[in-house]
Amino acid sequence: MERTFVMVKPDGVKAGLVGECIRRYEARGLALVDLRLDRLTAEIAQVHYGEHAGKPFFPGLVEHVTSGPVVLMVLEGEGAVAAARKTNGATNPLDAEPGSIRGDFALEITANVVHGSDSVTTAEREIGIFFPNLK
Ligand code: IDP
Ligand code: MG
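Residues 3 to 137 in the numbering used here are what the sequence shown spells out, letter by letter.
Set out below in structure tokens:
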């Protein structure tokens with residue numbers, strides 16, 4: 003069964019959207035495999051977002067995701083990677099459809115509530131970073 007990694011970013015936690023995000027993933031049929039409230043160090047954030055290192059928004063992105071608690075989770079289900087990303091909506095909330103998390107709860111691209119892995123390979127990498135002991 004396919005797995006994906008999802009993070010509720012600090013803006014989502016501050017806005018009290020953790021339950022709403024989890025409810026949407028679960029209602030869609032994705033099952034929670036693991037879940038944790040945590041704080042990201044700059045080092046971990048830089049590794050996680052390594053593909054974006056050097057881009058103009060990278061420092062602001064790392065600053066944002068380390069600015070407060072985040073909720074990290076592994077979700078499982080058929081097509082979990084694509085399903086979670088559809089539920090999250092487009093990266094820029096202004097392009098995200100109403101009915102998606104970003105389309106319903108965000109306006110800013112950095113503070114866009116959630117992160118979801120973009121492929122099965124990425125999911126394996128990200129799950130390895132945040133849940134190294136998960137079987
Ligand atoms: P994704 O989160 O939809 O996978 P990515 O392109 O992987 O989007 O970018 C990671 C995160 O970096 C985004 O969720 C967003 O918060 C931020 N980001 C992406 N592109 C930009 C940009 O052009 N300006 C500011 N922030 C950006
Ligand atoms: Mg991405």
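The beta-carbon is built from N, C-alpha and C at its ideal position, and this holds for glycine as well.
Just so we're clear, the structure is a prediction, and the values are computed from it rather than from any experiment.
Put simply, the residues with a CB less than 7 Å from any heavy atom of ligand 2 are His117 and Asp120, in chain order. Pairwise C-beta distances place the region 48-66 out of contact with the region 89-105, as fewer than three of them are shorter than 8 Å. Distance from glycine 91 to glycine 105 at the Cβ level is roughly 5 Å; contact confirmed, criterion being Cβ atoms closer than 8 Å. For serine 102, the beta-bridge partners assigned by DSSP are Pro100. Between the region 42-56 and the region 19-33 there are fewer than three C-beta pairs closer than 8 Å, too few to call the two in contact.
Distances from the CB of isoleucine 103 to the heavy atoms of ligand 1 are all 7 Å or more. By the CB criterion at 8 Å, isoleucine 103 and arginine 5 fall outside the cutoff.
For glycine 70, no alpha helix (DSSP H) run applies, since DSSP gives it neither H nor E. Between valine 15 and proline 58, the C-beta gap is not smaller than 8 Å, which leaves the two residues out of contact. Of the other Cβ atoms in all chains shown, fewer than 16 fall within 10 Å of the Cβ of aspartate 40; this residue is therefore exposed.
The C-alpha of alanine 17 lies about 32 Å from the C-alpha of methionine 3.
The three-state reading of DSSP puts phenylalanine 59 in coil, since its state is none of H, G, I, E or B. For alanine 86, the enclosing alpha helix (DSSP H) has its first and last residue at 82-90.
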